[in-house]
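Input: a single structure, listed below in C-alpha cells.
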Amino acid sequence: MKKGKVTITITIGLVFLILTAVMFVQFKTINQTDITSLENMREDELRTEISSFKQKIEDLNKEITDTDSKIAEYQKAIDSNKEASELLSQELEQQNNILGKNDVKGNGIIVTLTDTNDQKITPEDLRELLNQLKEAGAEAISINGQRIVYDSYIVDISGTFISVNGKRIVSPYEVKAIGNSTYLESGLSKKQYGYIDTKLEEGKDVKLVRKDNITIEKYTGDLNFEYAT
Amino acid sequence: MIAIAIVIGCILGAIIGINVPTISYTYSGYLAIAIVAALDSVFGGITSVLKGNFDLKVFISGFFGNAILSILLTWLGVKLNVDIYLAAIVVFVGRMFTNLAIIRRYYIDKWSKKKVKEDIKNENEKETMG
C-alpha cells in the first residue's frame, strides 16, 4: 500500500470519528436538556414569559385590591355585629337581673322580723310584706338570702318552719328590698293601717332600716319550664 | 480500506460521544450548525470522489473551516441580533441536497448502464443460440 493512501485513510477515519463524536454529544445534550427549564430558554422566550408574568402580577394586584375592599366591608359588618351583640348582651344582663339570676346592688330597705315569745312570724306576715314592698316599687327582694323570683313561694311546713323556695328559714327573718327607699319606707310605715304599725299592734317584732348599697344574691335554683312552651 | 476506516471512525466516535460529558444548552445551537456544515463537507467529499477530483486538503479544510466559520457567523448573528444561522443552514442543507442528487444520479446512471450492457449481452447470447 502506498504511503499517501494510508494518510488519506487515517485522516478520513479521524474526520468521521470527530463528526460522529460531536453528533452524539449533541444528541445526548438535546436528549437530556429540559427545554422548559428557565436556564435553557432563549431570550425571546424569556421575554414573552416575563411579559406574561407581568400581566399575571397586574391581575393578582387587582385581585388583591378587590379582596382588600371585600375585607373592609366584612370588617364593617363585623363591627356592626359587635355593636349588636353588645346590645344583646346588655339586654341579656338586664333580663337576668329582672329574673333574679344575677347578684344585684342598690339602695333600699331592710325589714327584720323576729319571733318573740308570744308572737311567731307566720308565712302570711312575710307574704303580706312582699306584696306591700312590690306595691311600693321594690325591684329585687330576698328573705334570709333567698331571692324572690317569679315562681318563689313562702309556705308553712307543719307549723314549725317557714319554707322559701323550698329552703327552710328561721327567725330572725331579714327581708331586703332594693328600690326607691323613700317610697318603700313610706309605703310600709303609713300611720295606723301601714304594715309596720299593724304588725307592731299585733305585738310582733318588726324593724325597718334604710340602707344604701344593699347586695341581694342571685336565685340559686333552676329557672326552667318543663310543661309550658 | 477507506470504508473500514470510516466504520471504525464512526464506532469510536459514537463511543467517545456517549462517554463525553454534555455541553451547555446555550452552546448546543453552535454545535448543531457545525455538525450541519461538517455533514455538508462530507457529502461534498463523496461527490468529488465520484467525479474523480477528490482532494484531501480541500476536504479537510472544508470540513473544519466550514464548521468553524459557521460557528463564528452564528455567534456574530447573535451579537448583531440577526439570525445568520438560518442562512448557514439554508446554504449547507441546500448544497447537501444538490450533492445527494448528484450522487443519486451517478448510481442510477451506473445501474442502468449495467442493465443495458446485460441486455445487449443477453440479446447477443440469444442470437448465437438461435
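From first to last, the protein sequence lines stand for chains W and X. In case it helps, the numbering used here puts the first sequence at residues 28 to 256. In case it helps, the numbering used here puts the second sequence at residues 121 to 250. C-beta atoms are modelled at their ideal positions from N, C-alpha and C, and glycine is treated no differently.
Query - Bounding residues of the alpha helix (DSSP H) (the contiguous stretch that carries X:V156) - result: Walking along the second sequence from the start, residue 156 of chain X turns up at place 36. From DSSP, the alpha helix (DSSP H) with X:V156 extends over 145-171.
Report task. Establish whether the CB of X:A208 and some CB of chain W are separated by less than 8 Å. Result -> Taking the first residue of the second sequence as 1, we reach residue 208 of chain X at position 88. Not closer than 8 Å to any Cβ of chain W, the Cβ of X:A208 fails to qualify, so no.
Requested in this report: Give a yes or no on whether the minimum CB-CB distance between W:I39 and chain X is below 8 Å.
Outcome: For the purposes of this step, residue 39 of chain W is identified with residue 12 of the first sequence, where counting begins at 1. W:I39 counts as touching chain X.
Requested in this report: Tell me, please, whether the CB atom of X:M121 is closer than 8 Å to any CB atom in chain W?
Outcome: Here the question's residue 121 of chain X lines up with position 1 in the second sequence. X:M121 counts as touching chain W.
**Report entry** Euclidean distance between Cα positions of X:N139 and W:G31
**Finding:** Here residue 139 of chain X is taken as the residue at index 19 of the second sequence, counted from 1. Here residue 31 of chain W is taken as the residue at index 4 of the first sequence, counted from 1. In a straight line, the C-alpha of X:N139 is about 32 Å away from that of W:G31.
Report task. For W:N129, I'd like the list of residues in its chain whose CB is within less than 6 Å of its CB, leaving aside the five on either flank, ordered along the chain. Result -> What you label residue 129 of chain W is simply residue 102 of the first sequence in a count that begins at 1. Same-chain partners within the cutoff: N123, K245.
Query - Positions along the stretch 138-152 of chain X whose CB lies within less than 7 Å of some CB in chain W - result: I138, V140, T142, I143, Y145, S148, L151, A152
Requested in this report: List the endpoints of the continuous beta strand (DSSP E) containing W:Y200.
Outcome: To locate residue 200 of chain W, count along the first sequence from 1; it is residue 173. Run containing W:Y200: 200-205, per the beta strand (DSSP E) assignment.
Report task. Look at the Cβ atom of W:A167, then the Cβ atom of W:Y210, and state whether they are nearer than 8 Å. Result -> For the purposes of this step, residue 167 of chain W is identified with residue 140 of the first sequence, where counting begins at 1. For the purposes of this step, residue 210 of chain W is identified with residue 183 of the first sequence, where counting begins at 1. Against a cut-off of 8 Å, the Cβ pair of W:Y210 and W:A167 comes out as no contact.
Query raised in the report: Got a sec: is the Cβ-Cβ distance from W:L44 to anything in chain X below 8 Å?
Result: In the first sequence, counting from the first residue as 1, residue 44 of chain W sits at position 17. Closer than 8 Å to some Cβ of chain X, the Cβ of W:L44 qualifies, so yes.
**Report entry** The beta strand (DSSP E) enclosing W:N192, as first and last residue numbers
**Finding:** The residue you call residue 192 of chain W lines up with position 165 of the first sequence. Looking at the DSSP string, W:N192 is not in any beta strand (DSSP E), and its letter there is neither H nor E.
Requested in this report: Starting from the beta carbon of X:F183, find every residue of chain W whose beta carbon is closer than 9 Å, and list them in chain order.
Outcome: By one-based count along the second sequence, residue 183 of chain X stands at place 63. Near X:F183 (Cβ distances below 9 Å), the residues of chain W are V42, I45, L46.
Query raised in the report: Does the ligand FMN have even one heavy atom less than 7 Å from the beta-carbon of X:D229?
Result: This structure simply doesn't include the ligand FMN, nor any ligand for that matter.
**Report entry** Cβ separation of W:L153 and W:I181, assumed to be a contact under 8 Å, to the nearest whole Å
**Finding:** Residue numbering aside, residue 153 of chain W sits at position 126 when the first sequence is read from its first letter. Residue numbering aside, residue 181 of chain W sits at position 154 when the first sequence is read from its first letter. Right, their Cβ atoms sit about 5 Å apart.
Report task. Can you give me the start and stop residues for the beta strand (DSSP E) that W:A167 sits inside? Result -> Translated into positions along the first sequence, residue 167 of chain W becomes position 140. Start and end: 167-170.
Report task. Express the C-alpha separation of W:K55 and X:L159 in angstroms, rounding to a whole number. Result -> In the second sequence, counting from the first residue as 1, residue 159 of chain X sits at position 39. In the first sequence, counting from the first residue as 1, residue 55 of chain W sits at position 28. Distance between the alpha carbons of X:L159 and W:K55 is about 18 Å.
Query - Per-residue contacts from W:K30 into chain X (C-beta, under 8 Å) - result: Within the first sequence, residue 30 of chain W is the residue found at index 3, counting from 1. Within 8 Å Cβ-Cβ: nothing; W:K30 doesn't reach chain X, min ~13 Å.
Query - Simplified DSSP assignment, three categories, for W:D95 - result: Sequence index remark: in the first sequence, residue 95 of chain W carries index 68 (1-based). Helix at W:D95.
Requested in this report: Check the DSSP bridge columns for W:I136 and list the partner residues they point to.
Outcome: Along the first sequence, read from residue 1 onward, the residue named residue 136 of chain W stands at position 109. BP columns for W:I136 point to W:A204, W:R237.
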